[in-house]
Amino acid sequence: MKKMILIERSKFALLVRSHMKASNMLLVLQHVCRERRISLSMTQEEVCELIRLDPDFVEKYKRRGKLCPVEDQDGKQYYNVLDFINLKDMQESKRIFYQTMEQAVPDTAIIIKRE
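Following this line, the structure appears as structure tokens:
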């Protein structure tokens, strides 16, 4: 049985607007970086602090070979920021799933309310 989440139209519109704004910002940043040949890379510590990613979670994926650092001349390791964003998404997706499940109602409840 499917579960549904009821949301006010204005709140849904705000979510869509926020998503579109973030998507457009990402497109602009990617374009600027590509045109200026700027690499989107940071150290593990910088990214973990910036997007509040658990360093232990990151270490687990480094051991699995999912994160590949690039070293500079001084031996400092840099990572592609998008790899960390994907990790953050994986980490957050479970939390979001369970939070939304608490608010969900069976789809049959919606049909009954309409009658």
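Positions 0 to 114 (numbering that gives the first Met the number 0) are the ones given, in order, by the sequence shown. In this text, a Cβ means the ideal position worked out from N, Cα and C, and glycines have one as well. Predicted, not measured: the structure shown is a model, and the values here were computed from it.
- Distances from the alpha-carbon of Q43 to those of I6, P68, M3 put P68 closest.
- For Q98, the uninterrupted alpha helix (DSSP H) run begins and ends at 80–102, by DSSP.
- DSSP, read as helix, strand or coil, puts P68 in coil.
- A distance below 8 angstroms between beta-carbons, with the five flanking residues on each side excluded, links D53 to the following residues of its chain, in chain order: C47, Q90.
- Counting of Cβ neighbours within 10 angstroms places F96 among the exposed residues, the total staying below 16.
- DSSP places L5 outside any alpha helix (DSSP H), giving it a letter other than H or E.
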